[in-house]
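Novice: Have a look at the structure that comes next, please.
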Amino acid sequence: GVAQEDGRALILVLLVRGGLVSGSRQYYFPEPLPGGDLLGAFVKQYYGEGRPLPEEILLPRDLPDRRVLTEVLSDQKGSPVRLWVAPGGDRARLLALAGENARAALARQKTRPPGEALMDLKARLNLTKIPARLECLDISTLQGNQAVGAVVAFHEGAPDKSRYRRFRIRQVVGQDDYAMLQEVVRRHYGRPEQVLPDLLVVDGGRGQLNVVLQTLKEMGLTKMPVVAVAKAGVAADGRPVRDRLFLPGRKNPRFLPPSAPGWLLLLRLRDEAHRFAITYHRKRARKDLLESGLSQVPGIGPVRLKRLFQHYPNLEAIKEAPLEELAAIPGFNEKAAQAVKDCLGVTMTESGE
């Protein structure tokens, strides 16, 4: 369910098992996202984070690339995933319920005092003061390459973009998330003038939390509260596990009430760190596309380039994509897809790859 008003938006996900609602998750967006396709961007990120894929996803409106997304999710699951738009019967009832709940949740966000979530966090985490300044640390890679560390900051519950920072990983070779976290922590919090947050949130589980705590200890920064928020996923026994919180000195995670204001704020912070990190990869992908020579290919104009950029993370993904998959992108056909393949083939030969 999607609700939008005055540039703000809220997406509510109803979880349904055997025809019955078994839970819900909500995601609040206090300002418009770049690109305008909030629902499409959300679906791609939500199911791209290792969550168990359902057999059916009910959508309140169509997506420009629903056909391709259906194929991608089905391949990811290993069995068919169906994306329904404007279904009838019980599915229509569930979709209407999701929409009503999304609108009600957005209305509550509008009337909720700004400090409520911060006071809730203070109480639930036993902090010594209200955490007016929050920061979240996220490590992001694109197919194992182009590693980047992202730090986002919230002040009084709202994004403080003047304090966002992005770090290209310099000292770590290969896929070592722990070493990357150490590098970013040292570079960001090792500055003499750096203002420390009232609460640092790490994207990850107990291992990531312990690495950050140990690094801060080595730097003499032991008074800054640190927690970790782990993504939803699948447990060792196959059971789905929702987003969870890890605290210092505690082996098992905590599961805060899904509607708790403080918990929703932590999820917003974590998701904003994801978004900020992903923008780096998108900028790199856009630069690579522009330098690939595709813009000079007859029939591949700005609109088709944009569609390629929306569907694939980088040039390598476009090179590896089957011809029929490229041709199925909205606005493409077999001729345009073949022109893309031919251009990238020439580019590879000329560059000696």
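Per my numbering, numbering of the sequence shown is gapless, rising by one per residue and ending at 347. We put the CB at the ideal spot given by N, CA and C, even for glycine. Quick caveat: nothing in here was measured; it's all calculated off a predicted structure.
Could you check the C-alpha separation between L67 and I323 for me, to the nearest Å?
Specialist: 15 Å
Novice: So what does I272 bridge to, in DSSP terms?
Specialist: DSSP output for I272 lists no bridge partner at all.
Novice: Using beta-carbon positions only, say whether L309 and L193 come within less than 8 Å of one another.
Specialist: no
Novice: Have a look at V7 and I312 and give me their C-alpha separation to the nearest angstrom.
Specialist: 31 Å
Novice: What first and last residue would you give for the alpha helix (DSSP H) that runs through V178?
Specialist: D171 to Y183
Novice: What alpha helix (DSSP H) runs, 4 residues minimum, are completely inside the region 193 to 270?
Specialist: Listed in chain order, they are 200 to 212.
Novice: Locate the beta strand (DSSP E) running through S18, then write down its first and last residues.
Specialist: L14 to F23
Novice: Taking the C-alpha atoms as reference points, what is the distance between P153 and L100?
Specialist: 18 Å
Novice: Using 10 angstroms around the beta-carbon of L209, count the other beta-carbons present and answer buried if the total reaches 16, otherwise exposed.
Specialist: In the sequence as presented, Leu is not what sits at residue 209; that position holds Thr. By the neighbour-count rule (16 or more Cβ atoms within 10 Å), T209 is buried.
Novice: Provide the residue span of the beta strand (DSSP E) that contains R3, from first to last.
Specialist: Residue 3 is actually Ala in this sequence, not Arg. Segment R2 to R11, the beta strand (DSSP E) holding A3.
Novice: Should V353 and L175 be called a contact, given that it needs their Cβ atoms to be closer than 8 Å?
Specialist: Residue 353 lies beyond the range of the chain shown here (-5 to 347); nothing can be said about it.
Novice: D197: buried (16+ other C-beta within 10 angstroms of its C-beta) or exposed?
Specialist: buried
Novice: Count the other CB atoms, across all protein chains shown, that sit within 10 Å of the CB of K211; report buried if there are 16 or more and exposed otherwise.
Specialist: Counting Cβ neighbours within 10 Å, K211 comes out exposed, since fewer than 16 surround it.
Novice: Closer than 8 Å by C-beta to K71: which residues in its own chain qualify, once you throw out the five before and the five after it? Chain order, please.
Specialist: L47
Novice: Tell me the DSSP bridge mates of P153?
Specialist: F148
Novice: Near A271, which residues of its chain fall below 7 Å by C-beta distance, leaving aside the five closest residues on each side in sequence?
Specialist: D132, S134, V142 and A144
Novice: For R118, which option in G232, P186 and G256 has the closest C-alpha, if you only look at C-alpha atoms?
Specialist: Minimum Cα distance to R118 is reached at G256.
Novice: Going by DSSP, what residues sit across from S134 in a beta bridge?
Specialist: V142
Novice: Going by beta-carbon coordinates alone, are L354 and V220 separated by less than 8 Å?
Specialist: For residue 354 there is no data in the structure shown, the boundaries of the chain being -5 and 347.
Novice: Whole-angstrom Cβ separation of G17 and P251, contact assumed at under 8 Å?
Specialist: Going by Cβ atoms, the distance from G17 to P251 rounds to 11 Å, so no, they are not a contact pair.
Novice: Which residues share a DSSP beta bridge with L52?
Specialist: W78
Novice: If you compare alpha carbons, which of A267, K116 and V334 is closest to G293?
Specialist: Answer by Cα proximity: V334.
Novice: DSSP has L33 in a bridge; who is on the other side?
Specialist: Per DSSP, none; premise fails for L33.
Novice: Am I right that F23 and A(-3) are in contact with their C-beta atoms under 8 Å? What's the rounded C-beta distance?
Specialist: So it is not a contact: roughly 10 Å between Cβ atoms.
Novice: Between R61 and the rest of its own chain, which residues show a CB-CB distance below 7 Å, the 5 nearest in sequence each way excluded?
Specialist: A322
Novice: In angstroms, rounded to a whole number, what distance separates the CA positions of L63 and E319?
Specialist: 11 Å
Novice: Report all residues from its chain with a CB closer than 8 Å to the CB of G184; omit the five preceding and five following residues, and keep chain order.
Specialist: Result list for G184: M213, in chain order.
Novice: Do A92 and G(-5) have their beta-carbon atoms positioned less than 8 Å apart in this structure?
Specialist: yes
Novice: Return the residue from the list I124, F148 and K245 that minimises the CA-CA distance to C130.
Specialist: Of the listed residues, the one whose Cα sits closest to C130 is F148.
Novice: What would DSSP say about A47, mapped onto helix, strand or coil?
Specialist: The residue you asked about is not Ala; residue 47 is Leu in the sequence shown. Reduced to three states, the DSSP call for L47 is coil.
Novice: Quick one, are the C-beta atoms of G34 and L57 less than 8 Å apart?
Specialist: yes
Novice: By how many angstroms is the C-alpha of R262 removed from the C-alpha of G109?
Specialist: 15 Å
Novice: With a Cβ-Cβ cutoff of 8 Å, do L258 and Q39 count as a contact?
Specialist: no
Novice: From R298, A226 and G232, pick the residue whose C-alpha is nearest to that of R264; which is it?
Specialist: A226
Novice: Within 10 Å of its beta-carbon, does V178 have 16 or more other beta-carbons around it, so buried, or fewer, so exposed?
Specialist: buried
Novice: Is the separation between the beta-carbon of A96 and that of I5 shorter than 8 Å?
Specialist: yes
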